[in-house]
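As structure tokens, the structure follows; a few thoughts come after it.
Residue numbers (the UniProt record's numbering): 1 to 94.
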């Protein structure tokens, strides 16, 4: 994952549930989300419509700070920055 000049903290979320980032897609198409935690990067593609909320529906490790880069269909970084959030320990039922 490339380094980010600006990182905005989105908050703490349960690792069991989809994470609503509160961010809105500024165009329609396939978006790429790069999720980094503990030096491991996971790549996720999601199909979004313009003005749709960006929700991460991936199983994530609990109790970690994650940094994400959200790249739109034009291969541009959303809001020209990265975002981070912390997953909290919960009793996830698998």
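All C-beta atoms in this analysis are idealised placements derived from N, C-alpha and C, irrespective of residue type, glycine included.
Remember, it's a predicted structure, so these values are computed and weren't measured experimentally.
Query                                                                                                                                                             : Result
CA-CA distance, residue 19 and residue 60?                                                                                                                        : 10 Å
With 16 other CB atoms within 10 Å as the buried threshold, where does residue 13 fall?                                                                           : buried
Leaving out five residues on either side along the sequence, give the residues of the same chain with a beta carbon under 8 Å from the beta carbon of residue 71. : 31, 32, 33, 34, 77 and 78
Can you pull the DSSP bridge partners for residue 17?                                                                                                             : Answer is none; residue 17 lacks a bridge partner.
List the endpoints of the continuous beta strand (DSSP E) containing residue 50.                                                                                  : Counting along the chain, residue 50 falls outside any beta strand (DSSP E), and DSSP gives it neither H nor E.
When every heavy atom of the ligand ADP is checked, does at least one fall within less than 7 Å of the C-beta of residue 13?                                      : Among the ligands in the structure shown, none appear at all, so the ligand ADP cannot be discussed.
Could you check how far apart the C-beta atoms of residue 54 and residue 24 are, in whole angstroms? I think they sit under 8 Å.                                  : 7 Å
Indicate whether residue 39 and residue 73 have their beta-carbon atoms separated by less than 8 Å.                                                               : no
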